[in-house]
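First the structure, in the form of structure tokens, and then the observations on it.
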Amino acid sequence: MFISANENPFKGNLTSLPKPGGGEFGKFYSLPSLNDPRIERLPYSIRILLESAIRNCDNFQVKKEDVEKILAWEINSTKQVEIPFKPARVLLQDFTGVPVVVDLACMRDAMNKLGSDSNKINPLVPVDLVIDHSVQVDVTRSENAVQANMELEFQRNKERFAFLKWGSTAFRNMLVVPPGSGIVHQVNLEYLGRVVFNNEGLLYPDSVVGTDSHTTMIDGLGVAGWGVGGIEAEAAMLGQPMSMVLPGVVGFKLYGKLGNGVTATDLVLTVTQILRKHGVVGKFVEFYGDGMGELSLADRATIANMSPEYGATMGFFPVDHVTLQYLKLTGRSDENVAMIESYLRANKLFVDYNEPQQDRVYTSHLELNLSEVEPCISGPKRPHDRVPLKEMKADWHACLDNKVGFKGFAIPKEAQGNVVKFDFHGQPAELKHGSVVIAAITSCTNTSNPSVMLGAGLVAKKARELGLQVKPWVKTSLAPGSGVVTKYLHQSGLQKYLNEQGFHIVGFGCTTCIGNSGELDESVSSAISGNDIVAAAVLSGNRNFEGRVHPLTRANYLASPPLVVAYALAGTVDIDFEKEPIGTGENGKNVYLRDIWPSTEEIAEAVQSSVLPDMFRSTYEAVIKGNPMWNQLQVPADSLYSWDPNSTYIHEPPYFKNMTMDPPGPHGVKDAYCLLNFGDSITTDHISPAGSIHKDSPAAKYLLERGVEPKDFNSYGSRRGNDEVMARGTFANIRLVNKLLNGDVGPKTIHVPTGEKLYVFEAATVVTLNALPTVHQTNFPLFFSLTGCRKAHPLSRLLPFRYMASGQDTIVLAGAEYGSGSSRDWAAKGPMLLGVKAVIAKSFERIHRSNLVGMGIIPLCFKSGEDADTLGLTGHERYTIDLPSRISEIRPGQDVTVTTDNGKSFTCTIRFDTEVELAYFNHGGILPYVIRNLIKE
């Protein structure tokens, strides 16, 4: 499986790329030299897969037949054909990066225990890890907010940061970008993205897989990139080719020009809705057309960023002149840009819109006239629920009326006009349904785009000049994706006006978009929770799922940065901006949105005069030098990690305990209970929340038992290096809707044998951890379940054990789009630790299905037109899934029969999509598979 001495059969296609002034840039595997007419018809995104296959072909990991499969893409793209892909590099952020480094450290220990060389666990491709998910919005509306929040960030996360710094020294090829530098995808776009690699004279396209679903942002730069689970990323780091189904490619033609005042955010929300409706899950989307010249690189990156929201693996923009201009703007050297252009032109990977375009084949076609895009926002609970701005007021009132759901809150008519008056630090204040309590300019989706950021500054300036002011109880924040934003906001003079409206810079990281919005003022929190107010957050992010942004904001809307400022000024989402004023100016006259909205020309002038190449160069020179708090961290030089049993942040996981060299083989499911029964659109935020740890939760109890004060709980995301916390945090979202609870909402379930209502963790392990006074209360239930023992624990006759400790399998029932949202390993690791053996759903999000496979959980899909409800399944049955005992008897995508103890029987499709995924299942998961193969190497 790993590096072989086999000779590349395409070595004759290795070609020199000459420099214009003499000499050569290097050598490359030439696509034109194949003399295959099919290449001209291939989408550019598929050509990148083709080049990778040719360059990595050794007839072992990548075979000559794989190259032919890709060349025949036009025929094969509808046939579920499996191909290998080896990305050029791997990208991590700290929430997903910590568990990756934990796994790598644990794999080294496993290699050591099995008598092999632990140093085989080392990345073979460059790995870039950007620490950006840990900063919280604790301090706002202060000139000192950045420093204050960073100090709190280091206080909370010093142990995690030290662990990552150890990883950067213990593992080869790993660059860690310190906290306070920016958001991973913006740093990737502005600095880390190579576009073309020159690796010791060998030239090839940059490509990347990342442990964050929005890795796709780099597609806007013409770099093929998408999100994967951390366990897949670990395998890719260690030389394992990624097995993928050769995707269909949707060609999306853009033409025309955006109207005056329409933003890239309006465009991406429109594109998201169109593609969601078309259906692009598992596909690439490739953009082309005359409208490409009207979109800046930052606009393209905004569209590419939200690929997960419209469901595509990639939203790809091939490299053209706009790309080259952006590379120069961001400080890449002229020589490097010349090499990039020369290589891409020579290898048929460059689009020159000044030349006649060869017709390319696409699986399906869409088009959009940019002039038809109108201002909009999305919400209140999903990114693809777009609402035109002119319809927002009516839509909001419909949401108040509608039954509880993605577009409903079921507020009685007589309560919809309720107003809650309260005291805010000596000032009279009031809230009602739709009041904005969080207004955040946040997220790589928008902070990477100077047009919308400067547009927000212009709105703040015009509003200030007319006498408008954001109410002090609105929690405002500005968290840029890189220090470059700070430089151009100051250069333009607009940061001053943003500050005056409360949008001080609070830090350089994901903040509110990932749920690190910090606490609301106590008076605001009490007014909301004490009066059942549907409060709103408006953010320039990419995710607005329930419970993600803040537990107390039930309505969450995605909007452009200028609109975030506008809604903060209005103080409510219950407004028709065309007909109603935002407020009253100093002269007593009404001020409307149109009075403070900048024109496209005003924004373009600000960008032209304020965004300069030296800003990018100086910012990233400083980033690499680190900051004082990071540089002061002391870490050991050992290659094996010394686990601290008392740590509540970093804990040795039990994945490889009792591992042997013999694969365990496939497993079926026998008489399993249903742990949870879900409807549609259960996200990874529902399964494994990243936000705050509730004071009454099993995770909180675990931390309190170890002397951690509630103020130091931090977030689930920050504790992903500790499996004990994360198992307790699985299905811990306070907005979880579980059909077994008959309408109750929250992180609990029914223990079917007894009918007890318990936290999900307790139902899976024991009824109460306090029932184990003389035993290590927290480790052995999980340890017991992971040792492979299938018998009931002898103490189970004396103590109230639940599913796992009684040796009982569990399954999860779900609807459509199960696992949508972030590429979150713990949404698969957590259920595995709770003893879940299979998930039966109507459909799965791409990355989450892969993660389930990687952790040895069986993903099954109901047949079309069927689900738990149509089959009459309540979740109170016991389920048996018969699978052959030999892996050779299981085929990708085959039908399997599921039976229940009350006589029901139905057929599902097993979602092991490739032979490689079956091999992972045979080994008990992808990581044991990698370890065994490394040892055999």
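Residue numbers for the sequence shown follow my numbering, so the first one is 196 and each next one is one higher. Note that the Cβ used here is the ideal one computed from N, Cα and C, for glycine as well.
query                                                                                                                                                                              : result
Measuring only the C-alpha atoms, how far is residue 813 from residue 422?                                                                                                         : 29 Å
How about the segment 449-459 and the segment 317-328: do they share at least three Cβ pairs that are nearer than 8 Å?                                                             : no
Just to check my reading of the structure: residue 743 and residue 600 have Cβ atoms closer than 8 Å, yes? What is that Cβ distance to the nearest angstrom?                       : About 17 Å separates the two Cβ atoms, so there is no contact after all.
Roughly how many whole angstroms lie between the Cα atoms of residue 909 and residue 706?                                                                                          : 13 Å
Just checking, does the segment 255-265 make contact with the segment 535-542 on the three C-beta pairs under 8 Å criterion?                                                       : no
Rounded to whole angstroms, what's the CA-CA distance from residue 883 to residue 709? Just pull it up for me.                                                                     : 13 Å
Around the C-beta of residue 1006, are 16 or more other C-beta atoms found within 10 angstroms, so that it is buried, or is it exposed?                                            : buried
Bridge partners of residue 732, per DSSP?                                                                                                                                          : 633 and 751
Identify whether residue 209 lies in helix, strand or coil by the three-state DSSP scheme.                                                                                         : strand
Am I right that residue 719 and residue 768 are in contact with their C-beta atoms under 8 Å? What's the rounded C-beta distance?                                                  : Not a contact, Cβ separation roughly 16 Å.
Distance, Cα to Cα, residue 810 vs residue 739?                                                                                                                                    : 32 Å
Between the Cα of residue 1012 and the Cα atoms of 912, 1117 and 880, which residue gives the shortest distance?                                                                   : 880
Note down the Cα distance separating residue 786 from residue 1016, rounded to an integer number of angstroms.                                                                     : 38 Å
Taking Cβ to Cβ, would you say residue 425 is nearer than 8 Å to residue 406?                                                                                                      : yes
Ignore the nearest five residues each way along the sequence and tell me which others in residue 797's own chain have a CB closer than 8 Å to its CB.                              : 653
Can you tell me whether residue 640 is buried or exposed? The criterion is at least 16 other CB atoms within 10 Å of its CB, across all chains shown.                              : buried
State the Cα-Cα distance for the pair residue 678 and residue 958, rounded to the nearest angstrom.                                                                                : 47 Å
Using the Cα positions of residue 1094 and residue 1075, report the straight-line distance between them to the nearest angstrom.                                                   : 5 Å
Using DSSP bridges, identify the partner residues of residue 239.                                                                                                                  : None, per the DSSP bridge assignment.
In chain order, what residues of the same chain have a beta carbon less than 6 Å from the beta carbon of residue 526, not counting five sequence neighbours either side?           : 808, 811 and 812
When DSSP labels each residue in this structure, what does residue 721 get in the three-state scheme?                                                                              : helix
Run through DSSP, which three-state label would residue 849 get?                                                                                                                   : coil
Identify every run of the alpha helix (DSSP H) within the segment 413-468, keeping only runs that are complete inside it and at least 4 residues long; order them along the chain. : 425-432
Which residues in the same chain as residue 893 place their Cβ atom closer than 7 Å to its Cβ, once the five residues preceding and following it in sequence are excluded?         : 923, 954, 956 and 957
So what does DSSP say about residue 475, is it helix, strand or coil?                                                                                                              : coil
Suppose the cutoff is 7 Å on Cβ atoms and the five residues either side in sequence are ignored; what does the same chain contact list for residue 1117 look like?                 : 858, 860, 861 and 1082
If residue 297 and residue 1121 are in contact, beta carbons under 8 Å, what's the gap, nearest whole angstrom?                                                                    : That belief does not hold up - the Cβ atoms of residue 297 and residue 1121 are roughly 15 Å apart, past 8 Å.
Using a 10 Å radius around the Cβ and a threshold of 16 neighbouring Cβ atoms, would you call residue 1040 buried or exposed?                                                      : buried
Enumerate in chain order the residues of its own chain whose CB-to-CB distance from residue 358 is below 6 Å, with the five nearest sequence positions on each side excluded.      : 845
Using 10 angstroms around the beta-carbon of residue 918, count the other beta-carbons present and answer buried if the total reaches 16, otherwise exposed.                       : buried
Tell me residue 1096's beta-bridge partners as DSSP assigns them.                                                                                                                  : Answer by DSSP bridge pairing: none, since residue 1096 is not bridged.
Using the beta-carbon count (16 or more within 10 Å), is residue 1092 buried or exposed?                                                                                           : exposed
Determine the contact status of residue 934 and residue 872, defining contact as a CB-CB distance below 8 Å.                                                                       : yes
Taking a contact to mean a Cβ-Cβ separation below 8 Å, would you say residue 480 touches residue 511 in this structure?                                                            : yes
Less than 8 Å separating the beta-carbons of residue 332 and residue 724?                                                                                                          : no
Using the three-state DSSP reduction, which class does residue 1080 fall into: helix, strand or coil?                                                                              : coil
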